[in-house]
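Chains as they are written, first to last, in our numbering: chain Z, 7 to 307; chain E, 47 to 188.
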């Protein structure tokens with residue numbers, strides 16, 4: 007017994023070192039159950055996380071829509087009351103992303119009461135995925151009652167979504183993170199397309215749709231790794247190939263020129279002298295919209 | 047006497063473990079950085095900078111920047127301000143566009159007025175850092 011004493015003590019100490027993570031372990035176990043049967047793809051976690059970090063926040067696209075002078079259109083958003091229909095992990099994760107973008111869209115246009123409906127649906131789906139701890143519905147509800155709190159509301163929403171992504175990635179559930187991000191991204195492109203079709207004279211809206219070709223290429227790369235091992239992602243990946251085909255004729259040209267810099271109040275201001283041009287036609291927008299609508303209808307049915 | 051030796055080993059293990067955990071907590075620096083984005087910039091992403099005690103000489107992220115948008119990347123160090131941290135921006139072809147060290151002065155942030163859409167690389171390195179640790183926030187303004 008004496009000989010085992012040091013090992014027992016050391017084991018006890020090392021075990022103590024992991025105290026406080028019980029809750030996390032429970033969450034991990036729950037997520038394990040959810041994802042049972044999904045093999046890890048043959049690609050490093052670091053590469054996956056790098057690509058995931060490249061998916062743009064829906065906030066940026068939504069902000070452009072507001073600034074372009076486009077009118078708010080509730081009819082193009084997903085119905086927050088459909089939340090009960092989403093009863094698989096796949097549907098929950100992808101619709102969490104879709105509702106997240108709709109929530110940000112309502113926030114930007116100051117439609118706070120409608121935003122609360124989306125917030126409730128987001129919270130419900132997040133709870134179902136065992137990531138509801140990232141949403142403080144009471145705080146968001148309080149901020150949503152006053153348009154002066156818009157910046158705080160958007161900050162909290164963006165922080166929450168970033169936290170979810172980080173949590174899923176840290177817990178080796180990047181497949182859910184991908185679905186969440188793809189859902190959010192696709193909804194942002196869907197809204198952008200509808201806004202562009204309604205306002206064809208706003209070139210910035212059309213260009214932004216074309217610029218998404220860069221993101222789509224990365225998303226396709228990411229999904230290709232999981233399509234081999236995850237049946238749900240595989241089906242979505244096949245649908246996304248149609249979207250990739252719709253983007254086929256769109257070109258982005260880049261011309262490099264040395265930037266200029268100056269220091270203002272301790273901050274380095276960099277003036278980009280390079281330029282890029284997006285070659286996209288109204289017909290391209292209609293085709294992309296049509297493909298996204300088909301995919302979205304499947305995801306929200 | 048042997049028991050005493052084991053207890054000392056255990057205490058040492060506990061201290062080593064605590065020290066390892068206390069070395070770098072980038073999330074704390076990130077929390078400091080987000081509210082430091084300049085007025086008018088909307089928060090987009092936060093980046094953790096963990097140089098693993100000097101074992102990594104750089105930490106890199108990438109993000110798609112869009113034409114007609116200004117992006118701000120700031121730096122927060124546990125050593126105070128932006129001490130020991132450097133951010134360098136590269137375009138998609140890996141051409142260096144700018145770095146936050148100018149004439150030996152470590153600047154707290156960079157603002158990039160983007161005129162060409164594409165993937166950009168945000169690379170964090172260390173310059174006279176003792177913690178090899180920090181956080182950063184990315185914000186945008188149109």
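Yeah, the Cβ is synthetic: ideal placement off N, Cα and C, and Gly gets one too.
Excluding residues up to 5 positions away in sequence, 164 lie with their Cβ nearer than 7 Å to the Cβ of residue 63/Z in the same chain. The alpha helix (DSSP H) runs lying completely inside the segment 234 to 288 of chain Z and spanning 4 residues or more are 237 to 252, given in chain order. If you draw a straight line from the Cα of residue 77/E to the Cα of residue 181/E, it is about 8 Å long. By the C-beta criterion, the segment 238 to 249 of chain Z is judged not to be in contact with the segment 209 to 220 of chain Z, since fewer than 3 inter-stretch pairs fall below 8 Å. In the three-state scheme derived from DSSP, where H, G and I count as helix and E and B as strand, residue 86/Z is classed as helix.
Around residue 107/E, the same chain offers 93 and 168 as residues with beta carbons nearer than 6 Å, after the five sequence neighbours per side are excluded. Neighbours of residue 262/Z in chain E, taken as residues at a C-beta separation under 9 Å, are given in chain order as 137, 139, 141 and 162.
When Cβ-Cβ separations below 7 Å define contact, residue 107/E makes contact with chain Z. Using a CB distance cut-off of 7 Å, residue 146/E counts as an interface residue toward chain Z. With a threshold of 16 other beta carbon atoms within 10 Å, residue 288/Z falls short and is exposed. Interface flag for residue 71/E against chain Z is unset, since no Cβ pair is found closer than 7 Å.
For residue 215/Z, the three-state secondary structure derived from DSSP is helix.
When Cβ pairs closer than 8 Å are counted between the two stretches, the segment 275 to 293 of chain Z is seen to touch the segment 152 to 165 of chain E, the count reaching three or more.
Residue contact with chain E for residue 66/Z: present (Cβ-Cβ distance below 7 Å to some residue of chain E).
If you compare the alpha carbons of 260/Z, 136/Z and 141/Z with that of residue 106/Z, the shortest gap goes to 141/Z. Closest option to residue 153/E, judged by alpha-carbon separation, among 140/E, 139/E and 133/E: 133/E. Linking residue 77/Z to residue 125/Z through their CA atoms gives a straight-line distance of about 22 Å. The beta carbon of residue 100/Z is closer than 6 Å to those of 185, 189 and 305 in its chain, skipping five residues each way along the sequence.
Secondary structure note for residue 138/E: it is in no alpha helix (DSSP H), with a DSSP letter that is neither H nor E. Among the residues of the segment 133 to 164 of chain Z, those with a Cβ less than 9 Å away from any Cβ of chain E are 157, 160, 161 and 164, in the order of the chain. The beta carbon of residue 278/Z falls within 7 Å of a beta carbon belonging to chain E, placing the residue at that interface. Between the alpha carbons of residue 95/Z and residue 150/E lies a distance of about 52 Å. When DSSP reads this structure, residue 118/E sits in a beta bridge with 157/E and 185/E. By alpha-carbon distance to residue 124/E, the top candidate from 112/E, 138/E and 75/E is 75/E. Here the segment 75 to 90 of chain Z makes no contact with the segment 170 to 187 of chain Z; the two share fewer than three CB pairs at distances below 8 Å. Of the candidates 256/Z, 115/Z and 136/Z, the residue whose Cα lies closest to the Cα of residue 74/Z is 115/Z. Distance from the CA atom of residue 82/E to the CA atom of residue 122/Z, rounded to whole angstroms, is 28 Å.
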